[in-house]
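Here is the structure we will look at.
Residue numbers (my numbering): 1 to 197.
In C-alpha cells form, the structure reads like this:
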C-alpha cells in the first residue's frame, strides 16, 4: 500500500507499563492471599478482573502502536490508521480506520471539543499511541458533521470522530484540507462552529 505521507509515532509506554504491573500485582495478591471461605470467591473474582484488565491494557498500549498515513485516491485524500505490532520491528497489523479527508475538520483535542462532540451525539474513537497523551488531535469526517443525511457513507467509521497523535507535517496536510472546506463548518446552538476559539 503506497502512502503520500506516513507517520509512525514512538509511544511513551511507561504509564501503561506501570499500571499494568500494578494490576498484575493486585491480581496475584487477590488470587494467592489466604482468606476465609466467605472471601475466597470475591477475591478470586477481583483477581481475575485485575488480570483481564492488565491483559487488555498491555495489548492496547504496550505491545501495539499505530501508523497515521495520508493516501491519495481518485476520490480524494484519505486518512489511514493502521495498528502495528512486534515492537521495534513495527510489523503491520490490521487497518483500523480509513476516512475521507474531504470536508473533514482537524483541531487539537480539548475538553471543549469533547463536550461539543458529545452534545451532537458523535462518538470519539481513540487511536492514540499514548495512554495519557500530552497533546492530541481530533479529526471529524464530513459525514459525521451532517445533522441528517439520506446517503450513508461507505464506511461506518466515517460517522465517528478520531482522536490521534499526528506530527507537524501530517497536521499541516490535514490543516490544508480543513482550510479548503472551512465554509462548510456546522454551527452549534450558540452560532459557533465545532472548534470556535
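Ideal Cβ positions, reconstructed from N, Cα and C, are used throughout, including at glycine. Bear in mind the structure is a predicted one, so any value in this text is a computation, not a measurement.
Unbroken stretches of the beta strand (DSSP E), 3 residues or longer, contained in the region 79-157: 91-100, 105-108, 124-126 and 137-140
Quick one: Cα of residue 12 to Cα of residue 129, how far? 8 Å
Assigned secondary structure, residue 71 (DSSP; H/G/I helix, E/B strand, else coil): strand
Would you kindly work out how many angstroms separate the C-alpha atoms of residue 146 and residue 103, rounded to a whole number? 11 Å
What does the alpha-carbon distance come out to for the pair residue 183 and residue 61? Reliability of the predicted coordinates at residue 183 is poor, the pLDDT of 46 falling under 50, and no value is obtained from them.
Assuming contact is defined by CB atoms lying nearer than 8 Å, are residue 139 and residue 161 in contact in what I supplied? yes
Buried or exposed: where does residue 97 fall if 16 or more other Cβ atoms within 10 Å of its Cβ makes it buried? buried
Kindly confirm or deny that the region 163-175 and the region 61-81 touch, where touching means at least three C-beta pairs closer than 8 Å. yes
Tell me whether residue 116 is buried or exposed, calling it buried when 16 or more other Cβ atoms sit within 10 Å of its Cβ. buried
Who pairs with residue 66 in a beta bridge, going by DSSP? 83
Under a three-way DSSP split, which group does residue 162 fall into? strand
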